[in-house]
Amino acid sequence: MLKPLFFAILLCSGVLCLAQNKDTVSVEKPKIFVKQRLNRDVFSLFKDSTELQSPRKAVLRSAIIPGWGQARNGKWWKVPLVYGGFVGIGLVYDFNQRLYKEFLGESQARSEGRKELEQYFNASDVQIYSAKDFYRRNRDLSILAFVGFYGINMIDAYIDARLATFDVDDDLAIKISPSIYTPVYSFGINQAPVPMLKLTIKL
C-alpha cells in the first residue's frame, strides 16, 4: 500500500511543478545613447587652426602668389585690392615707359640734328630732354612702387595672421573711476584728501 501512495505523491508534485508560471520579471538593459555630430563639427575637431593662421606661412604664400596669404587668413575682400593695386601700378609703368621711349627717340634724333616725330616739331631740345628725363624718373618710381606694394602685400598677410592668433579674453577689462587719495606720510604738512582718477585693469 505504501508504494502506490508514494508514487501518487511524486506524480502530483511533478504536475504542480510544471503548472507553475514562468518568472516574467526581466532586467532592462541599459540603453546607450550616442550623440551624432554633424560632419562639419567632426571636421572642426581635427582641423589644425594653427596651420591656417601661421604668420610665416602667410608671408610665404603672399610672396609666391600675391593675395594668397590674405585669402588663407579669411580676408577675401583684400584680394581684389591687392590685384587692383598691381594693375594700377602696371598701367602707370606702361604709360611712362611708352612716353619715355618716344622722347628718347626724339632726343636721339635731335642730337643728330634732325626732328623725327611731327607732334614734337615745335618743342625745343631742352623740352624734349626734360620730358625724357621726367618720364624715365616716373617709370623708375613705378618700379619701386611695384616692389614696395609687393612688400606691403606680404606684411599685411603677416599682420592678419598674427592678429588672428591674438586672443582677447572676456575677463579683460579696463575701468576708470573717480577716487580719493589720502596721503599717509605727509608729516602734518598737507593731510587733505586729494581727488584722483583710478585706473583698474583686470586681466
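With mature numbering (1 follows the signal peptide of the UniProt record, and there is no 0) applied, the sequence shown covers -19 to -1, 1 to 184.
Each residue gets a CB set at the ideal place from its N, CA and C atoms; glycine is no exception.
Item, Value
"Run through the DSSP bridge pairs and tell me what I157 is partnered with.", "L180"
"Rounded to the nearest angstrom, what separates I136 and P61 at their Cα positions?", "17 Å"
"Is DSSP giving R117 helix, strand or coil here?", "helix"
"Output the distance between the C-alpha atoms of E93 and W57, rounded to the nearest integer angstrom.", "55 Å"
"Where G66 and F130 are concerned, what is the direct C-alpha to C-alpha distance, given to the nearest angstrom?", "8 Å"
"For L178, count neighbouring C-beta atoms within 10 Å of its own C-beta (all shown protein chains included) and say buried if the count is 16 or more, exposed if not.", "exposed"
"So is R120 buried or exposed if we call it buried at 16+ other beta carbons inside 10 Å?", "buried"
"Would you check if the distance between the CB atom of K64 and the CB atom of G50 is smaller than 8 Å?", "Reading off the sequence shown, one finds Tyr at residue 64, where the question assumed Lys. No; because the gap between Cβ atoms is not below 8 Å, this pair is not in contact."
"Please tell me whether Y81 and R117 are closer than 8 Å, where the distance is taken between their beta carbons.", "yes"
"Please classify F102 as buried or exposed, where buried requires at least 16 neighbouring CB atoms within 10 angstroms.", "exposed"
"Could you name the residues of the same chain whose beta carbon sits closer than 7 Å to that of V40, not counting the 5 residues immediately before and after it, in chain order?", "G50, M135, A138, Y139"
"Mind checking if W49 is an interface residue toward chain D, Cβ cutoff 8 Å exclusive?", "The structure shown contains no chain D; it holds only a single protein chain."
"Taking all protein chains shown into account, do 16 or more other C-beta atoms lie within 10 angstroms of the C-beta of D87, making it buried, or fewer, making it exposed?", "Note on residue identity: the sequence assigns Glu, not Asp, to residue 87. Classification for E87: buried."
"Could you tell me the alpha carbon to alpha carbon distance between S158 and I133, rounded to whole angstroms?", "41 Å"
"Determine the extent of the alpha helix (DSSP H) in which Q89 is found, giving its start and end residues.", "59 to 92"
"Using 8 Å for Cβ pairs, my map puts D141 next to N54. What's the rounded Cβ distance?", "4 Å"
"So is S123 buried or exposed if we call it buried at 16+ other beta carbons inside 10 Å?", "buried"
"Nearest to G69 by CA position, among Q108, P36, A126, Y110, is which residue?", "A126"
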